[in-house]
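Chemist:
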Amino acid sequence: MSSVVNYVPILQDKRIPHLHGIWDLDGGKASSAQYHFLTVLSVLGRTNEGSTEFSASKSAIKAEALTQAARAMGLQSKFEEANEYLAQASQTLKELNEPMEIQTVRGRIALEEGRVIRFSGGRPSDAAVKFNAALTVLDGSSDLDYFVADALHMLALVAPTEEEKAEASNKALQIAEESANPRTRGWAWALLNNMAWDQVDAGKAELAVPLFKRAAEGRKNEYDLLVKDGESPAKEKALKAWRIGRWAYGHSLRLSGDAHAALEELKDLRASGHDGLYLREELAILLSARDDKKQTRQEASEHAKMALQLGLNESNFSGERVAEMRKIMIRGEN
1 MSSVVNYVPI LQDKRIPHLH GIWDLDGGKA SSAQYHFLTV LSVLGRTNEG
51 STEFSASKSA IKAEALTQAA RAMGLQSKFE EANEYLAQAS QTLKELNEPM
101 EIQTVRGRIA LEEGRVIRFS GGRPSDAAVK FNAALTVLDG SSDLDYFVAD
151 ALHMLALVAP TEEEKAEASN KALQIAEESA NPRTRGWAWA LLNNMAWDQV
201 DAGKAELAVP LFKRAAEGRK NEYDLLVKDG ESPAKEKALK AWRIGRWAYG
251 HSLRLSGDAH AALEELKDLR ASGHDGLYLR EELAILLSAR DDKKQTRQEA
301 SEHAKMALQL GLNESNFSGE RVAEMRKIMI RGEN
């Protein structure tokens, strides 16, 4: 967790969504985000309205921080606490007078209420009511299109049919791609990623390939824009997202039958410094199927061994996947 954080620049950042920088701290982990948002609330409690130039009124920032503290709680399955913070946000809403602040806070409350319902195992239709409520509140404001894309993205996740899922995803993607807000445009990569996984789940990996490729390219562009800023939590987060995107692209290439392109992509990803059990597993599978040369078998075996060491075990994965890695490992050792 970050040892010392200067929250003032985050509190003064007028870009929407407000307080977004907190989710970049410590890799965006929910437990860390909870700590940072609660700390921000404490800072706000000790700060006079006119002593710091906030990105919005003090009450509005407090209400938005409460919604995000609730989100962090929900991600940790602390649903009772999440609802308590959302209730506090609703109370703080009564202190607001500026129309856009009211619109923003009402929209964010509805979004997080829907997320709590979804995370807690509530009925998807109940969550959808909240996400639609957020859309109703936010409708017509291009300045708040980040939250519109978010609400549509969540509607896609709880949609009862593939048609409704696709409709919500495509609407969100259009908003993201046409937005003047760079943060809203960033939604495109998450949406493309989700749409690609939907194709994989439907057994249509060949349709997922171009979607994953676009998502990975977008993540790279996002990372490249941050490189000039030197080391920062946002840059680290963007690099991780880009690498995961490249892995997903390589994975879909293998599933679609293009083993050669998949191996080239994933070997290059490994050479760039990325590592992890999913990458090692893919490389082991691809190399084991490539040819029966001893060197290839040994290389596949090393990747399988690393995948197992990195946590690919029966506690977290199917016995079939674990058995395949062990088989590849033993085959290369003989």
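Using UniProt numbering, read the sequence shown as starting at 1 and increasing by one per residue. We put the beta carbon where it would ideally sit given N, CA and C, even for glycine. Here the structure is a predicted model, which is why all the values come from computation and not from measurement.
Give the single residue among GLU98, MET100, PRO99 and ASN132 whose Cα lies nearest to the Cα of GLY114.
Modeler: Working through the sequence shown from its first residue, we reach residue 114 at position 114. Closest by alpha carbon: ASN132.
Chemist: Can you give the beta carbon distance from SER125 to LEU96, rounded, assuming they're within the 8 Å contact cut?
Modeler: Translated into the one-based positions of the sequence shown, residue 125 becomes position 125. Translated into the one-based positions of the sequence shown, residue 96 becomes position 96. In fact, because the Cβ distance is near 30 Å, the residues do not count as touching under 8 Å.
Chemist: State the Cα-Cα distance for the pair LEU283 and ALA262, rounded to the nearest angstrom.
Modeler: For the purposes of this step, residue 283 is taken as residue 283 along the sequence shown, with counting starting at 1. For the purposes of this step, residue 262 is taken as residue 262 along the sequence shown, with counting starting at 1. Roughly 9 Å between the two C-alpha positions.
Chemist: First and last residue of the alpha helix (DSSP H) that includes ASP201?
Modeler: Mapped onto the sequence shown, residue 201 falls at position 201. Start and end: 187-201.
Chemist: How about TYR223 and LEU211: are their beta carbons less than 7 Å apart?
Modeler: Reading the sequence shown from its first residue, position 223 is the one you call residue 223. Reading the sequence shown from its first residue, position 211 is the one you call residue 211. Not in contact: TYR223 and LEU211 (Cβ atoms no closer than 7 Å).
Chemist: So, using beta-carbon positions, are ALA190 and ALA208 closer together than 7 Å?
Modeler: As a working note, residue 190 is residue 190 in the sequence shown. As a working note, residue 208 is residue 208 in the sequence shown. Not in contact: ALA190 and ALA208 (Cβ atoms no closer than 7 Å).
Chemist: Quick one: Cα of residue 343 to Cα of GLU84, how far?
Modeler: A question about residue 343 goes unanswered here, because the residues of the chain that appear run from 1 up to 334.
Chemist: Is it true that the CB of VAL116 sits closer than 7 Å to the CB of ALA82?
Modeler: As a working mapping, residue 82 is identified with position 82 in the sequence shown. As a working mapping, residue 116 is identified with position 116 in the sequence shown. Going by C-beta atoms, ALA82 is nearer than 7 Å to VAL116.
Chemist: Classify VAL5 as helix, strand or coil using the three-state DSSP reduction.
Modeler: As a working mapping, residue 5 is identified with position 5 in the sequence shown. In the structure shown, VAL5 sits in coil (DSSP, three-state: anything other than H, G, I, E or B).
Chemist: The alpha helix (DSSP H) with SER77 in it runs from where to where?
Modeler: As a position in the sequence shown, residue 77 is number 77, starting the count at 1. Looking at the DSSP string, SER77 is not in any alpha helix (DSSP H), and its letter there is neither H nor E.
Chemist: Assign ALA180 to buried or exposed, taking buried as 16 or more other Cβ atoms, counted over all protein chains shown, within 10 Å of its Cβ.
Modeler: To locate residue 180, count along the sequence shown from 1; it is residue 180. ALA180 is exposed by the Cβ-count criterion.
Chemist: Taking all protein chains shown into account, do 16 or more other C-beta atoms lie within 10 angstroms of the C-beta of GLU281, making it buried, or fewer, making it exposed?
Modeler: Locating residue 281 in the sequence shown gives position 281, counting from the first residue. Buried, since its Cβ has 16 or more Cβ neighbours within 10 Å.
Chemist: Below 8 Å on the Cβ atoms is my contact criterion, and I expect residue 405 with GLU64 to pass it. Report the Cβ-Cβ distance as a whole number of Å.
Modeler: What is shown of the chain runs 1 to 334, which leaves residue 405 out entirely.
Chemist: Would you say ASP145 and THR184 are within 7 Å of each other, going by their C-beta atoms?
Modeler: Against the sequence shown, residue 145 aligns to sequence position 145. Against the sequence shown, residue 184 aligns to sequence position 184. Yes, Cβ-Cβ distance for ASP145 and THR184 is below 7 Å.
Chemist: Return helix, strand or coil for LYS237, following the three-state DSSP convention.
Modeler: Translated into positions along the sequence shown, residue 237 becomes position 237. In this structure, LYS237 counts as helix in the three-state DSSP scheme.
Chemist: Hey, how far is the Cα of GLN199 from the Cα of ASN316?
Modeler: Taking the first residue of the sequence shown as 1, we reach residue 199 at position 199. Taking the first residue of the sequence shown as 1, we reach residue 316 at position 316. Distance between the alpha carbons of GLN199 and ASN316: 24 Å.
Chemist: Which of helix, strand or coil does DSSP assign to THR161?
Modeler: Residue 161 sits at position 161 when you count from the first residue of the sequence shown. Correct three-state label for THR161: coil.
Chemist: Looking at C-alpha atoms only, which residue of GLY45, ALA241, GLU177 and ALA30 is the closest neighbour of ALA70?
Modeler: Along the sequence shown, one-based indexing puts residue 70 at 70. Checking every option, the nearest Cα to that of ALA70 belongs to ALA30.
Chemist: Measure how close the beta-carbons of residue 341 and GLN103 come, nearest whole angstrom, since I'm counting them as under 8 Å.
Modeler: Beyond the ends of the chain as shown, which are 1 and 334, falls residue 341; an answer cannot be given.
Chemist: If LYS62 sits next to LEU41, beta carbons under 8 Å apart, how far is it from one beta carbon to the other, in whole angstroms?
Modeler: As a working note, residue 62 is residue 62 in the sequence shown. As a working note, residue 41 is residue 41 in the sequence shown. Between LEU41 and LYS62 the Cβ distance is about 7 Å, and since that is below 8 Å, they are a contact.
Chemist: With a CB to CB cut of under 6 Å and the five nearest residues on each side skipped, what residues in its chain are close to ALA172?
Modeler: For the purposes of this step, residue 172 is identified with residue 172 of the sequence shown, where counting begins at 1. Excluding residues within five positions, the ones whose Cβ falls inside 6 Å are ALA149, LEU152, HIS153 and LEU191.
Chemist: Just to confirm, are GLY107 and PHE147 a CB contact at a threshold of 7 Å?
Modeler: Indexing the sequence shown from 1 puts residue 107 at position 107. Indexing the sequence shown from 1 puts residue 147 at position 147. Yes, the Cβ-Cβ distance between GLY107 and PHE147 is below 7 Å.
Chemist: Can you tell me where the alpha helix (DSSP H) with ILE16 in it begins and where it stops?
Modeler: Against the sequence shown, residue 16 aligns to sequence position 16. Premise fails: ILE16 is in no alpha helix (DSSP H) and is neither H nor E.
Chemist: Do ALA110 and LYS130 come within 7 Å of each other at the CB atom, strictly closer than that value?
Modeler: Position 130 of the sequence shown, counted from the first residue, corresponds to residue 130. Position 110 of the sequence shown, counted from the first residue, corresponds to residue 110. Cβ atoms of LYS130 and ALA110: closer than 7 Å.
Chemist: Would you decide whether GLY250 is buried or exposed? Buried here means 16 or more other CB atoms lie within 10 Å of its CB.
Modeler: By 1-based counting over the sequence shown, the position of residue 250 is 250. By the neighbour-count rule (16 or more Cβ atoms within 10 Å), GLY250 is buried.
Chemist: In whole angstroms, what is the alpha-carbon distance linking VAL137 and GLY203?
Modeler: The residue you call residue 137 lines up with position 137 of the sequence shown. The residue you call residue 203 lines up with position 203 of the sequence shown. In a straight line, the C-alpha of VAL137 is about 37 Å away from that of GLY203.
Chemist: Less than 7 Å between the C-beta atoms of ARG331 and ARG290, yes or no?
Modeler: Numbered from its first residue, the sequence shown carries residue 331 at position 331. Numbered from its first residue, the sequence shown carries residue 290 at position 290. Not in contact: ARG331 and ARG290 (Cβ atoms no closer than 7 Å).
Chemist: Run through DSSP, which three-state label would LEU310 get?
Modeler: Position 310 of the sequence shown, counting from 1, holds the residue named residue 310. In the structure shown, LEU310 sits in coil (DSSP, three-state: anything other than H, G, I, E or B).
Chemist: On the DSSP letters alone, give me the boundaries of the alpha helix (DSSP H) that THR47 sits inside.
Modeler: For this step, residue 47 is matched to residue 47 along the sequence shown. Note, THR47: premise wrong, no alpha helix (DSSP H); not H, not E.
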